[in-house]
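Heads up, the thing below is written out as structure tokens.
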Amino acid sequence: MEFVLNLIHQSQTIPFRQGVKFNNYNVVCIISVCAYILALLINGTIGVKTARSTSESYKLVVTPPPWAFSIWGVIFSTTLVALLWSIHSVSWSLETHLYFWLYCFTISVWILLWAIVSKITIILCKVVLILLTINIYMLWKSTLVIENDDWSIYLMRGAIAFQLGWTSSAQCLNFCICMVHVFGVTQDMISKLVWVCIVIAHTIYLSLAYFHSKQYNKNMLVNFGGYLLSMTWAIVGVTVSYNNYIAGKAISKQK
């Protein structure tokens, strides 16, 4: 614990110099890699085994089709590439590594909670997912201190933003799951409420990204474009399920 507290203090008091290794750099990088591997193992074992059954238990009329969730493979792959490249090029500050540790921890907790079907864990999932999206955004923001941007830095930021676009969409669906399975809101109401949640969630993060891009004199589209890609992917998935639900209602009325 003292080691972590010292790192937090160091991250706030010693300026980051791109390409220059900070104190305990190798140890910090090893911890980052181990944290990622642990998160990947939890997702690849518990997450894969329980995702389908849990999703069926909490299924909404707007839950995206199964193919939409294949994006997780892209997310974990691009995250690994971003991590390894940042270690090689010394382009992550100590603060960024600390946010990455927290990211690995929160996504692991979310996956473990999602494997347990109960009203309490669904509420806890929602809380953890909110913390996860905030953490991913702070992880992205912490990379804006890098001054010498090149294509690798743009891709690294894009990979982080790509994950944020999906998880911010996921928290909207998780909120709707809470409404249905904890508070008894109807599926028909959720088919409308989900769009309000999506607009609010994405407006918040796009606005924050715009503000901080201006603050650090960065091009938002270049550095945050990955968010728009995964956001669009999620919205397409929700739209497909929504259209199927509306079509089903129309057929039922005709009968």
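Just so you know, we're using my numbering here: the sequence shown kicks off at 55 and counts up by one.
Ideal Cβ positions, reconstructed from N, Cα and C, are used throughout, including at glycine.
Cβ neighbours of residue i in the same chain (closer than 7 angstroms, five flanking residues each side left out)
i      : result
Ser310 : Nothing can be reported for residue 310: it is not among the residues displayed for the chain, which extend from 55 to 309.
Ser206 : Trp139 and Ser143
Leu94  : Phe130
Ser245 : Val115, Val116, Tyr296 and Tyr299
For residue i, the first and last residue of its enclosing alpha helix (DSSP H)
i      : result
Asp204 : It is not in any alpha helix (DSSP H) - Asp204 carries neither H nor E in the DSSP assignment.
Val87  : Tyr79 to Ile96
Ala122 : Segment: none, Ala122 is in no alpha helix (DSSP H) and carries neither H nor E.
Ser145 : From DSSP, Ser145 is part of no alpha helix (DSSP H); its letter is neither H nor E.
Asn189 : Lys173 to Ser196
Tyr112 : Element bounds for Tyr112: n/a, residue is neither H nor E.
Ile100 : Run containing Ile100: none; DSSP gives neither H nor E here.
Thr257 : Gln241 to Gln269
Buried versus exposed, by CB contacts within 10 Å (16 or more), residue i
i      : result
Val58  : exposed
Ala263 : buried
Ile84  : exposed
Phe216 : buried
8 angstroms Cβ shell around residue i - same chain, five flanking residues per side excluded
i      : result
Ile184 : Gln225
Asn273 : Ser267
For residue i, the nearest candidate out of the options (CA to CA)
i      : options                           : result
Ser131 : Ser245, Ile214 and Val248         : Ile214
Ile345 : Thr221, Asp204, Arg211 and Phe216 : Residue 345 lies beyond the range of the chain shown here (55 to 309); nothing can be said about it.
Lys113 : Ile231, Val128, Lys173 and Ile174 : Ile231
Thr133 : Ile254, Ala89, His235 and Leu198  : Ala89
Ala288 : Ala169, Ile125, Thr240 and Gly238 : Ile125
Own chain, CB closer than 6 angstroms to residue i, minus 5 neighbours either side, in chain order
i      : result
Gly219 : Tyr281, Ser284 and Met285
Ile96  : Ser162 and Ile165
Phe76  : Leu148
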